[in-house]
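Engineer: The structure's right below; bear with me while I get my questions together.
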Amino acid sequence: MFNNSSIIKLEDICFSYLGSDTKVLDHLNLEINKGDRIGMMAPNGSGKTTLLHTIMGLCKPDSGTIKVFGKVLNYEKDFLPVRSKIGLLFQDSDDQLFCPTVLDDVVFGPLNLGFSKNDAIDIARKTLERLGILNFEKSIIHKLSGGQKRLVALASVLAMEPEVLLLDEPTAGLDNKVKKKLVHILNSLDVSYFVISHEFDFANAVTDKIYSMENGRILRDDEIHIHHHEHVHKHGKHPHIHK
Ligand SMILES: Nc1ncnc2c1ncn2[C@@H]1O[C@H](COP(=O)(O)OP(=O)(O)O)[C@@H](O)[C@H]1O
Ligand SMILES: [Mg+2]
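Just so we're on the same page, this note's numbering is the position in the sequence shown counted from 1, plus 568.
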C-alpha cells in the first residue's frame with residue numbers, strides 16, 4: 569500500500585508576515601511521508617496555520633525550500649498542480665466555502681479536476697453521504713451552523729480525493745457525536761494527513777505521532793521532553809492518558 573516516500577518536505581523555511589520582524593517560521597524543517605498520520609498540538613499563535621498555508625503556497629517563505637512529491641516549488645505556477653493533490657481544510661470554513669449551496673461547493677472540486685457534471689455530482693453526493701450530511705445537499709451555506717459548515721468544508725476537500733490532507737483544527741465547532749464520526753472517517757481513509765488540533769483525545773485517536781511547534785520550529789515527539797516520567801511514551805509534554 570504505502571511506501572515510505574516523501575510527500576512534503578520543508579527545509580530551513582523562514583517566514584515573516586509583511587511589515588513584521590517576527591519570524592513566524594524560523595528555519596523550520598518538516599517532512600510528511602506516505603502513510604504518515606501526524607498530529608500537531610501547539611499554542612495559539614505559534615504558527616500552525618501559517619505552516620499549512622506555506623505548504624500550499626499561500627504564504628511565500630523568505631528563505632528555505634518546499635518540496636512536494638520530490639519537486640521544488642518556487643512560484644505560483646509550481647503550486648497550482650499540487651493544490652489538487654493536497655487537501656487543505658481551512659481553520660475558518662468561510663475561507664473554504666464560496667458557493668451558494670452545499671452541493672455546488674462539493675461539486676466544484678471534482679468539476680475542476682475534469683470530471684463531467686454528472687460524475688462530479690455523483691462524487692459529491694457520495695462524499696456527503698459518507699459524512700452523513702447528504703440531507704444538506706440543497707442547503708444554503710450561510711444558513712448552516714459552524715459545525716455543519718465544517719463538515720461541508722471537509723466534504724469539499726475529500727471529494728477531490730487528495731493524496732494528503734492538511735487539517736487545520738477540524739474538530740472546532742463539532743459536537744461529540746460528529747467528532748466521533750470524524751475519528752472513524754479519518755481512521756478509515758487510505759491517505760496521509762497532518763492534523764492540527766487542541767484536543768488531545770481526538771489527536772491521539774487519529775494519529776500515530778504528535779508534533780508541537782515552538783519558536784517557529786517543529787518539535788517532533790521524540791524532542792518533546794520537558795518533564796520526566798519513569799516510563800516512555802510518545803506524547804511528551806501534552807496531556808495524556810495512561811491506561
Ligand atoms: N495575515 C497575517 N498578518 C500578520 N500576522 C499574522 C497573519 N496571520 C497570522 N499572523 C501572526 O502570525 C503568528 C502565527 O499565526 P498562526 O499561524 O495563525 O498561528 P496558529 O495557527 O498556531 O494559531 C501570530 O502571531 C499571528 O498573529
Ligand atoms: Mg491556526
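C-beta atoms are modelled at their ideal positions from N, C-alpha and C, and glycine is treated no differently.
Going by C-alpha distance, which of Val732, Glu579, Val675, Lys747 is nearest Phe770?
Structural biologist: The residue with the shortest Cα to Cα distance from Phe770 is Lys747.
Engineer: Which same chain residues end up closer than 6 Å to Ala529 when comparing Cβ atoms and leaving out the 5 residues on each side of it in sequence?
Structural biologist: Outside the displayed span of the chain (569 to 811) sits residue 529, for which this structure offers no information.
Engineer: What does a CB cutoff of less than 7 Å around Glu644 pick up in its chain, not counting 5 residues either side in sequence?
Structural biologist: Result list for Glu644: Gly625, in chain order.
Engineer: Here's the rule I'm using: 16 or more other beta-carbon atoms within 10 Å means buried, otherwise exposed. How should Gly587 be labelled?
Structural biologist: Gly587 comes out exposed.
Engineer: Just to confirm the assignment, what range does the alpha helix (DSSP H) spanning Glu644 have?
Structural biologist: First-last of the alpha helix (DSSP H) with Glu644: 644 to 651.
Engineer: Considering Cα atoms alone, identify which of Pro738, Ser573, Gly613 is closest to Arg785.
Structural biologist: Looking at the Cα atoms, Gly613 is the closest of the given residues.
Engineer: Quickly, what does DSSP pair Lys639 with across the bridge? List them, please.
Structural biologist: In DSSP, Lys639 forms a bridge with Val636.
Engineer: Between the Cα of Arg693 and those of Ile709, Asp672, Asn680, spot the shortest distance and give me the residue it belongs to.
Structural biologist: It is Asp672.
Engineer: Can you give me the C-alpha to C-alpha distance between Asp736 and Ser684, rounded to a whole angstrom?
Structural biologist: Going from the Cα of Asp736 to the Cα of Ser684 covers about 30 Å.
Engineer: Looking at the unbroken beta strand (DSSP E) that takes in Val788, where does it start and where does it end?
Structural biologist: In the sequence on display, residue 788 carries Arg and not Val. Note, Arg788: premise wrong, no beta strand (DSSP E); not H, not E.
Engineer: Going by CA-CA distance only, name the one from Ser713, Ala721, Ser584, Asn755 that's closest to Phe658.
Structural biologist: Residue Ala721 is the option with its Cα nearest to Phe658.
Engineer: So what does DSSP say about Asp736, is it helix, strand or coil?
Structural biologist: Residue state, collapsed to three classes: strand.
Engineer: With H, G and I counted as helix, E and B as strand and the rest as coil, what does DSSP make of Ile794?
Structural biologist: Summary for Ile794: the model assigns pLDDT 40, below 50, so the residue's position carries little reliability, and this model does not support an answer.
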